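Engineer: First the structure, which I've put down as structure tokens, then a few questions once you've had a look.
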Amino acid sequence: MGNIQSLSKILNIKDLEKLSLQKEYKQIVERFEDVGTKLYHVLKKKEEAEKTVEVGLKNKMEAHSLFSYYQYIDKLAHEESDLHNELQNIRMEMDLKQQKLTDAHVEVKKFETLIDRQKQYIKKEENRMEALFMDELSMLQFVAKRN
200 MGNIQSLSKI LNIKDLEKLS LQKEYKQIVE RFEDVGTKLY HVLKKKEEAE
250 KTVEVGLKNK MEAHSLFSYY QYIDKLAHEE SDLHNELQNI RMEMDLKQQK
300 LTDAHVEVKK FETLIDRQKQ YIKKEENRME ALFMDELSML QFVAKRN
């Protein structure tokens, strides 16, 4: 019985670790989504600016305005590149956290299985001992009746 208690304590610790890792994973996923949303907005702004330049070239926009738009598009391209890099780093971190979470889940399952097997073993042992006791009791009753 003490073995089950020890395993249960370890299971509780592993479960807490798993919950902590789940929280960390959720946070990194939210960060990934935030950066992804920022990237989407930058790409949208860049696309709109490029359309404005295209229309401006057809309508003979002033050179100064075109130059300003090209600088803006260049700034957005740098921002896009930075966000892509950040997104890639977050994705790698997210994959690492996912692997740790999977490992923690496997550990919890191992201890749950160990506890279940231990309980089954104890139950079988109790049944075996009960059967032996009943056999001995029957034998004593038989001997007592004979005398």
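Going by this note's numbering, the first residue of the sequence shown is number 200, and it counts up by one from there. Backbone N, C-alpha and C define an ideal beta-carbon position, used for all residues, glycine too. Note that this is a predicted model, so its numbers are computed, not measured.
Check for me: the alpha helix (DSSP H) holding Glu279 runs from which residue to which?
Structural biologist: Sequence index remark: in the sequence shown, residue 279 carries index 80 (1-based). Element bounds for Glu279: 262–345.
Engineer: Can you name, in chain order, every residue of its own chain whose Cβ lies under 7 Å from the Cβ of Leu265, other than the five neighbours on each side?
Structural biologist: Reading the sequence shown from its first residue, position 66 is the one you call residue 265. Once the five neighbours on either side are set aside, the close Cβ partners of Leu265 are Val252, Gly255.
Engineer: So what's Lys243 in DSSP terms, helix, strand or just coil?
Structural biologist: Here residue 243 is taken as the residue at index 44 of the sequence shown, counted from 1. It is helical.
Engineer: Going by Cα to Cα distance, which pick from His263, Asp273, Asp294, Lys213 is closest to Val228?
Structural biologist: Taking the sequence shown and counting its residues from 1, the one referred to as residue 228 is at position 29. Measuring from the Cα of Val228, the nearest candidate turns out to be Asp294.
Engineer: Are the beta-carbon atoms of Leu430 and Leu206 separated by less than 8 Å?
Structural biologist: Nothing about residue 430 can be reported from this structure: the residues present for the chain run from 200 to 346 only.
Engineer: Using DSSP with H/G/I as helix, E/B as strand and the rest coil, what is Lys217?
Structural biologist: Along the sequence shown, read from residue 1 onward, the residue named residue 217 stands at position 18. Of the three classes helix, strand and coil, the one that applies to Lys217 here is helix, per DSSP.
Engineer: Taking a contact to mean a Cβ-Cβ separation below 8 Å, would you say Lys245 touches Leu282 in this structure?
Structural biologist: Along the sequence shown, one-based indexing puts residue 245 at 46. Along the sequence shown, one-based indexing puts residue 282 at 83. No, the pair does not count as a contact, with Cβ atoms beyond the cut-off.
Engineer: Just tell me which of Ile289, Leu300, Tyr320, Ala303 has its CA closest to the CA of Asp233.
Structural biologist: Your numbering for residue 233 matches position 34 in the sequence shown. The candidate whose alpha carbon is nearest that of Asp233 is Ile289.
Engineer: Could you check what DSSP says for Glu237 in three-state terms: helix, strand or coil?
Structural biologist: If you number the sequence shown from 1, residue 237 lands on position 38. Sequence inspection shows Lys at residue 237; the Glu mentioned does not correspond to that position. Correct three-state label for Lys237: helix.
Engineer: In its own chain, which residues sit with a C-beta less than 7 Å from the C-beta of Glu221, not counting the 5 before and 5 after it?
Structural biologist: Sequence index remark: in the sequence shown, residue 221 carries index 22 (1-based). In the sequence under discussion, the amino acid at residue 221 is Gln, which differs from the Glu named in the question. Once the five neighbours on either side are set aside, the close Cβ partners of Gln221 are Leu300.
Engineer: So is Val342 buried or exposed if we call it buried at 16+ other beta carbons inside 10 Å?
Structural biologist: To locate residue 342, count along the sequence shown from 1; it is residue 143. So Val342 ends up on the exposed side.
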